[in-house]
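Here this note's numbering is used: the first residue of the sequence shown is 313, the next is one more, and so on.
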Amino acid sequence: MTVAYDGSLFRYSVFLVLCNRLAAVVFAVSMAIAKGESMKNEAPLWKYLVVSLSNVYASSCQYEALKYVSFAVQMLGKSFKMMPVMIWGMIISGKSYSARDWVVALSVTLGCTEFLMTGPTHSKVDANNSFKGFFLLGGFLALDGLTSTFQEKLFKEHKTTKYNQMLYINLLSATVSFLTLLLTGEMGPAAAFGFAHPRFWLDCGLLSASAVASQFFIYSQIKEYGALVFAATMNVRQVVSILVSYVKYHNPVTQLQVLGLCLIFFALFYKSIAAMMAAPSKEEKMPILANQKEIVESTSERNDAGKAV
């Protein structure tokens, strides 16, 4: 999206989403067959479709934003999503949040705001449309917050394997992406660009492989270790990604922007460490994708103990 191929830039972000999702479908089918899992959807298709729609257009906004804002700004935008996730959680799942959660979210928001207002934020490709980039990041935040919140609700209500989740969400996402490309007339030009610049397919393949690997580790980590460890890992990823972008691409940064970064990551790591040091109940220690039978048995044991008393 920002590096030219023989002087031409690739402009079709939805096509990248389509390639990523098709690669994920192939991976999910292969793993499901290898493990002897059923291919039948384990949750209603309309719920998978809600996640797919929000996911496709969140990813598209994310890629499009790179045309107008720097990579570091895009990564910080992902830290901004704490507020949308909390708001969607209250609307969809009726959740409530502690004062600590709101303080951390506010600290992250203030840090992001300082970073955006005290130094260069535009992309090297288009330095005159930062506002458009911020608008796209706003769309990404709203849609991504809906995606993760609805996925959590789906995880809790239906007994699904990670490969079944990957298969149906990505299959529907690929369908949505394909139809979007057809309706906008971008399928032909995107494919023609690839045939005119063969090196594009190598980069696209690497991007798709990275996206599939990312999905696999996200699902696996949440299932095996729970959401808290996953959140801490994502915080580390954001720090490393931004630092690597500055080293590799020599993106400029001011001292005030460094202070903003410190505020953001101090707040994020404080939240992760404080949550890990807390003493959660047995249910809270269970991963989001824990076996439903274990949860039912745990609840039954507690009820039986209450009756005995």
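Positions of the beta carbon are idealized from the N, C-alpha and C atoms, including for glycine.
In the DSSP assignment, residue 476 falls within the unbroken alpha helix (DSSP H) covering 474-496. Here DSSP, grouped into helix, strand and coil, assigns residue 320 to strand.
If you compare the alpha carbons of 373, 324, 319 and 325 with that of residue 447, the shortest gap goes to 373. At the C-beta level, residue 582 and residue 397 stay beyond 8 Å of one another. Following the DSSP letters along the chain, one finds residue 506 inside the alpha helix (DSSP H) bounded by residues 499-508.
For residue 347, no alpha helix (DSSP H) encloses it, and the DSSP letter there is neither H nor E. Contact between residue 350 and residue 458 is absent: CB atoms are separated by about 28 Å, not below the 8 Å threshold. By alpha-carbon distance to residue 321, the top candidate from 511, 492 and 361 is 511. For residue 415, the secondary structure class from DSSP, reduced to helix, strand or coil, is helix.
A Cβ-Cβ contact shorter than 8 Å links residue 340 with residue 478. Taking 8 Å as the cut-off, the Cβ atoms of residue 375 and residue 484 do not count as close. Straight through space, the alpha carbons of residue 423 and residue 571 are spaced by roughly 8 Å. Listed in chain order, the non-local C-beta contacts of residue 401 below 7 Å within the same chain comprise 407 and 461, local neighbours out to five positions each way being set aside. For residue 368, the three-state secondary structure derived from DSSP is helix.
The alpha-carbon separation between residue 319 and residue 488 amounts to approximately 30 Å.
Non-local C-beta neighbours of residue 532 in its own chain, meaning closer than 8 Å and more than five positions away in sequence, comprise 474, ordered along the chain.
The beta carbon of residue 364 lies closer than 7 Å to those of 481, 484, 485 and 488 in the same chain, with the five residues before and after it left out. When only Cα atoms are considered, residue 518 and residue 327 end up about 14 Å apart. Between residue 569 and residue 421, the CB-CB gap reaches or exceeds 8 Å. Taking a contact as a CB-CB distance under 8 Å, the pair residue 335 and residue 521 counts as one, their CB atoms being some 7 Å apart. If you draw a 10 Å sphere on the C-beta of residue 382, you find 16 or more other C-beta atoms in it, and that means buried.
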